[in-house]
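S.K.: Take 1 as the starting number for the sequence shown in full-length UniProt numbering and just add one per residue.
First the structure, then my questions, so here it is.
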Amino acid sequence: MKRTAFTSFHEELGAKMAPFAGYNMPIEYTGVKDEHVCVREKLGVFDVSHMGEFWVKGPKAFSFVQKLTTNDVAALSDGKVQYSCFPNGEGGIVDDLLVYRIDEETYLLVVNAANIEKDWNWCCKNAEEMGLEVGKELYNASDEICQLAVQGPLALKAMQKIVDVPVEGMEYYTFKKATVAGIENAIFSTTGYTGSGGCEIYVANEDGEKLWNAVMEAGKEFGIQPIGLAARDTLRLEVGFCLYGNDIDDNHTPIEAGLGWITKFVDGNDFIDREFFEKQKEEKPKRRLKGFEMIDRGIPRQGYKIEDAEGNEIGEVTSGTMAPMVNKAIGMGYVKEGFYKADTEIFIRVRKKALKAKIVKIPFYKG
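Below you can see the structure in the form of structure tokens.
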């Protein structure tokens with residue numbers, strides 16, 4: 001079981017630990033609801049060092065990233081970040097990721113922890129076909145970098161105390177190279193997957209201890225708490241963000257998943273599977289990922305069947321939870337055509353019961 005640069009801190013703080021993507025990770029500290037509310041109202045810190053980081057460099061870097069990702073990399077300028085996904089060549093999704101443009105010949109791809117090996121193999125296969133040198137122009141730095149996500153409305157105010165450049169007014173999905181807590185050349189980005197604002201900070205593993213101590217000290221007066229993976233999941237679901245392996249996977253297209261906004265059919269953006277996705281968008285998909293909230297009492301879970309009033313199966317739940325800020329059981333799932341509209345009645349099959357729910361627009365929570 002791998003350890004991150006921060007694992008000893010989680011253990012000292014008494015976190016409930018469990019294996020996740022090959023790492024021993026904190027699942028919760030004081031409880032999911034308490035941690036969730038702390039991020040929504042103040043700020044919390046997540047260890048996200050298990051994420052993967054790939055560097056793409058050189059004269060072919062742009063064309064490589066443009067081919068492999070659905071968003072339009074040409075729209076990026078230095079210091080900007082894009083949410084995107086890798087199409088798999090068969091109409092599905094290899095992974096969702098962040099694309100950082102450092103300069104015109106340097107990009108950083110940040111991928112999901114559970115998919116590092118799969119994504120790396122996919123990138124290597126395509127790099128070799130496009131003539132990029134693996135190990136030099138395409139480089140896997142996942143085991144060298146640690147990362148903290150500081151999320152919540154007070155995150156940037158607190159972090160300004162330890163950063164040597166202005167960060168409080170930074171736009172969403174931008175980044176700066178900065179000295180953070182005395183650590184030079186840190187990447188400080190206003191990204192995150194909670195819907196409550198904040199930042200992600202990348203440094204070398206050897207600087208992890210210094211970063212953790214500085215972040216916790218800077219956030220102390222604002223009520224910072226360490227947050228586990230369980231609250232990370234409830235936070236992202238409450239704002240309708242997809243989780244790979246649940247809501248998106250190799251068997252669903254970005255159009256079906258409601259990710260048309262990161263699938264850009266512009267001139268020059270000839271990414272893998274473009275024609276297939278474009279055709280599907282024009283003809284309208286036969287299933288779509290939709291948000292729903294429970295009317296009857298019960299918690300929807302991944303894999304539960306979705307039915308119509310007659311008991312016919314019309315889809316399947318991909319994610320579900322009790323949402324602390326809206327105080328309702330919510331979920332997402334793929335449903336057949338004809339059940340897309342808000343307020344459409346559906347039923348979730350929980351063991352022998354069909355529990356009533358309704359389609360709603362996401363996000364469930366608007367902070």
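Just so it is clear, CB atoms sit at the ideal spot from N, CA and C, and this is done for glycine as well.
For residue 137, name the three-state secondary structure that DSSP assigns.
M.R.: Three-state result, residue 137: coil.
S.K.: Comparing alpha-carbon positions, which option in 34, 13, 8, 37 lies nearest residue 23?
M.R.: The option with the nearest alpha carbon to residue 23 is 8.
S.K.: Would you list the one or two residues that DSSP bridges to residue 32?
M.R.: DSSP output for residue 32 lists no bridge partner at all.
S.K.: Can you list, in chain order, the residues of its chain whose CB lies under 6 Å from that of residue 38, leaving out five sequence neighbours each side?
M.R.: Cβ within range, chain order: 44, 225.
S.K.: Assuming residue 274 is part of the alpha helix (DSSP H), what are its boundary residues?
M.R.: Segment 274 to 283, the alpha helix (DSSP H) holding residue 274.
S.K.: Identify, in the order they occur along the chain, each residue of the same chain with its Cβ nearer than 7 Å to the Cβ of residue 155, setting aside the five sequence neighbours on each side.
M.R.: Only 43, 197, 198, 199 meet the Cβ criterion.
S.K.: With 16 other CB atoms within 10 Å as the buried threshold, where does residue 189 fall?
M.R.: It counts as buried.
S.K.: In angstroms with no decimal places, state the Cα-to-Cα distance between residue 172 and residue 191.
M.R.: Cα to Cα, residue 172 sits roughly 6 Å from residue 191.
S.K.: Runs of 4 residues minimum, wholly inside the region 95 to 159: which ones carry the alpha helix (DSSP H) assignment?
M.R.: Counting whole runs of 4 or more residues, the region 95 to 159 contains the alpha helix (DSSP H) stretches 116 to 130, 155 to 159.
S.K.: Restricting to runs no shorter than 4 residues, where is the alpha helix (DSSP H) found entirely within the UniProt domain "Aminomethyltransferase C-terminal" (287 to 366)?
M.R.: Here no run is fully enclosed.
S.K.: Can you check whether the CB of residue 147 is closer than 7 Å to the CB of residue 193?
M.R.: Not a contact, by the Cβ cut-off of 7 Å.
S.K.: Express the C-alpha separation of residue 167 and residue 247 in angstroms, rounding to a whole number.
M.R.: So the alpha carbons of these two residues sit roughly 32 Å apart.
S.K.: Assign residue 418 to buried or exposed, taking buried as 16 or more other Cβ atoms, counted over all protein chains shown, within 10 Å of its Cβ.
M.R.: This structure cannot settle anything about residue 418, because the visible part of the chain is limited to 1 through 367.
S.K.: DSSP three-state call for residue 16: helix, strand or coil?
M.R.: If DSSP states are grouped into helix, strand and coil, residue 16 belongs with the strands.
S.K.: In whole angstroms, give me the CA-to-CA distance for residue 309 and residue 50.
M.R.: Each residue's alpha carbon lies about 43 Å from the other.
S.K.: Taking residue 47 as the reference, which of 209, 176, 299, 63 has the closest Cα?
M.R.: The option with the nearest alpha carbon to residue 47 is 209.
S.K.: Pull up the CB-CB distance for residue 231 and residue 211, whole angstroms please, since I reckon it's below 8 Å.
M.R.: 21 Å between Cβ atoms; not a contact.
S.K.: How many angstroms separate the CA atom of residue 116 from the CA atom of residue 312?
M.R.: Approximately 38 Å between the Cα atoms of the pair.
S.K.: So, at 8 Å on beta carbons, what are the nonlocal neighbours of residue 128 in its own chain, with the 5 sequence-adjacent residues on each side left out?
M.R.: Around residue 128: 134.
S.K.: I think residue 281 touches residue 255, with their Cβ atoms under 8 Å apart; what is that distance to the nearest whole Å?
M.R.: Correct: roughly 5 Å between the Cβ atoms.
S.K.: So, helix, strand or coil for residue 242, using DSSP?
M.R.: In this structure, residue 242 counts as coil in the three-state DSSP scheme.
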